[in-house]
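Numbering (the working numbering), first residue to last: 5 to 364.
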Amino acid sequence: MFIAIDKQCNIIKASDYNYNEECFCPACKEEVIFKNGSIYQSHFSHRNNSNCKTFSEGETEEHMEGKLLLYNWFKKEKIEVQLEAFLPALKQRPDLLINYKGINIAIEYQCSPISKEMITSRTRGYKRNGYYVFWILGPKLKVSEKFNTIHFTYISMDSNERFYLFQLDQKRKKLEMLSDFSGSHSKIHYTKKSLTFSSTLKDIFRTPGKKERTGQFVVKNKKEQKEYLYQLSFYKYEKSRHFFELMYESGVSIESLPNTIFYIVPNEWMIATFSYQWKFLMLVWLGNFESYHVITTNVMVRKIKEWENEKELVFQGMPNVNAAYLNQPFFEYIEKLCANEVMKKVGDEKWIRHKNIFRE
5 MFIAIDKQCN IIKASDYNYN EECFCPACKE EVIFKNGSIY QSHFSHRNNS NCKTFSEGET
65 EEHMEGKLLL YNWFKKEKIE VQLEAFLPAL KQRPDLLINY KGINIAIEYQ CSPISKEMIT
125 SRTRGYKRNG YYVFWILGPK LKVSEKFNTI HFTYISMDSN ERFYLFQLDQ KRKKLEMLSD
185 FSGSHSKIHY TKKSLTFSST LKDIFRTPGK KERTGQFVVK NKKEQKEYLY QLSFYKYEKS
245 RHFFELMYES GVSIESLPNT IFYIVPNEWM IATFSYQWKF LMLVWLGNFE SYHVITTNVM
305 VRKIKEWENE KELVFQGMPN VNAAYLNQPF FEYIEKLCAN EVMKKVGDEK WIRHKNIFRE
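The structure is reproduced here in structure tokens:
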């Protein structure tokens, strides 16, 4: 390994080691020895009789330095933290395990790519055993200009239904928190908050009030979007192919699409399916109800699940988000339809169709 700690748990880089101080393994606390050969890069190593199974000698300096920065950060703020604590029920060692106000939180600092399946497996394992988990991305994985599919897998959701994505730049000693996500799957908007080593990490774990279901709605320019759809229909892009098939089967043309299909609701970024496709499915389904037929929350949830099972609908892969919350965009959309008097609310989580959906 390229980094050790001294008796005060300060980071000691192999490249800066001066031979004059004792060095210890950050996990098992055994004394390690410094090796400075002409063939291999300078590094610290356990003695031959060591029983430490936490760190492999191939762990990168970037990963070790980042998690030790976080470890010392939590220590500085007197937050209970363990480095590479072994969790017997999971047979797993999170990079950090903290206890904040009685809540156990696993911190995974991820510097190199791993599969979605592995991220999902680890996340679900933590959740099944009563741990919150925050993934923190290293510089090579961080969000740059736009979200990649893999970024959704690292998103965390707290008990107040707020979403976060964390990234660490250990060289600048800066932790970035992305939150307040909005937009469609093709263009995600978010706010970014930066914390430096002089800031308090407790800001991250403070629990704001529960986020309301309603939020900012956006209406796309109908003329521009119709031109966009004509282009998509001409080039037959895979992402939109099924949408045009559904339109053809329903006898609907681009010109006859209702204005309501051009609404963007606050949380539709959670849906991977082409934006117009899931809204079209929703509008056709609602249009088939008689005006006196009451539609309830349970009826909507069952229909959403049916679309998902039939592969008509795909959500973003976010194992750290409660599955029930993924239905949120559909409820936001029906609220927008009510605001435009296409639908009408007749009770708590109950609606009826108020107007003909495809005749505005």
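Just so it is clear, CB atoms sit at the ideal spot from N, CA and C, and this is done for glycine as well. Source: prediction; values computed, not measured.
(message) Taking DSSP's pairing of strands, which residues face Phe28 in a bridge?
(response) Ile9 and Glu35
(request) Give the DSSP-derived three-state secondary structure of Ile154 in the structure shown. (result) helix
(request) Mark Gly70 as exposed unless 16 or more other C-beta atoms lie within 10 angstroms of its C-beta, in which case mark it buried. (result) buried
(message) Along the chain, where does the alpha helix (DSSP H) containing Val305 start, and where does it finish?
(response) Thr301 to Asn313
(message) Suppose contacts are defined by Cβ-Cβ distances below 8 Å. Is Gly321 in contact with Thr64 by that definition?
(response) Not a contact, by the Cβ cut-off of 8 Å.
(request) Check whether the Cβ atoms of Ser188 and Trp273 lie closer than 8 Å to each other. (result) yes
(request) Write down every uninterrupted run of the beta strand (DSSP E) in the region 72-144 whose length is 3 residues or greater and which is fully enclosed by it, in chain order. (result) 84-87, 100-104, 107-114 and 136-141
(request) Measure how close the beta-carbons of Leu186 and His193 come, nearest whole angstrom, since I'm counting them as under 8 Å. (result) Residue identity differs from the one stated: residue 186 is Ser in this sequence, not Leu. Right, their Cβ atoms sit about 5 Å apart.
(request) In angstroms with no decimal places, state the Cα-to-Cα distance between Ile7 and Lys146. (result) 23 Å
(request) Quick one: using the 10 Å Cβ neighbour count with 16 as the cut-off for buried, is Met369 buried or exposed? (result) The chain is shown from 5 up to 364; residue 369 falls before or after that span and cannot be answered.
(request) Drop a sphere of 10 angstroms on the beta-carbon of Thr127, count the other beta-carbons inside from all chains shown, and report buried for 16 or more, exposed for fewer. (result) buried
(message) Rounded to the nearest angstrom, what separates Phe170 and Lys39 at their Cα positions?
(response) 34 Å
(message) I'd like the span of the beta strand (DSSP E) that includes Tyr168, first residue to last.
(response) Phe167 to Asp173
(request) Return the first residue and the last residue of the beta strand (DSSP E) that Met181 is part of. (result) Per DSSP, the continuous beta strand (DSSP E) segment holding Met181 begins and ends at Lys178 to Ser188.
(message) With distance defined between alpha-carbon atoms, name the residue in Lys17, Cys32 and Lys11 nearest to Glu26.
(response) Lys11
(request) Rounded to whole angstroms, what's the CA-CA distance from Asp352 to Ile338? Just pull it up for me. (result) Spanning the two alpha carbons is a distance of roughly 13 Å.
(request) Have a look at the DSSP bridge pairing and note the partners of Leu330. (result) In the DSSP output, where bridge partners are listed per residue, Leu330 has none listed.
(request) Determine the burial state of Ile361: buried for a count of at least 16 other Cβ atoms within 10 Å of its Cβ, exposed for fewer. (result) buried
(message) Taking the beta carbon of Thr277 as the centre, do at least 16 other beta carbons fall within 10 Å, making it buried, or is it exposed?
(response) buried
(message) Here's a check: name, in chain order, each residue in its chain whose Cβ is nearer than 8 Å to the Cβ of Arg217, leaving out the five neighbours to either side.
(response) In this predicted model, Arg217 has a pLDDT of only 44, less than 50, meaning its place in the structure is not dependable enough to derive any value.
(message) Does Phe248 come out as helix, strand or coil in the three-state DSSP assignment?
(response) Phe248: helix per DSSP, three-state reduction.
(request) Determine contact between the region 307-314 and the region 256-268, defined as no fewer than three beta-carbon pairs at a distance below 8 Å. (result) no
(message) DSSP three-state label for His47, please.
(response) It is a strand residue.
(message) For a quick check, are the C-beta atoms of Leu100 and Asn108 less than 8 Å apart?
(response) Not a contact, by the Cβ cut-off of 8 Å.
(message) To test your reading of the DSSP string, which unbroken alpha helix (DSSP H) runs of 4 or more residues are found completely within the region 224-271?
(response) 226-239 and 242-254, all fully within the region 224-271.
(message) Less than 6 Å between C-beta atoms, sequence neighbours within five positions excluded: which residues of the same chain meet that for Thr300?
(response) Lys354
(request) Let me know the secondary structure DSSP gives His358 once reduced to three states. (result) coil
(request) List the whole-angstrom C-beta distance separating Lys224 from Phe266, where the pair is believed to meet the contact cut-off of C-beta under 8 Å. (result) Contact holds; Cβ gap of about 4 Å.
(request) Could you check the C-alpha separation between Asn52 and Lys196 for me, to the nearest Å? (result) 46 Å
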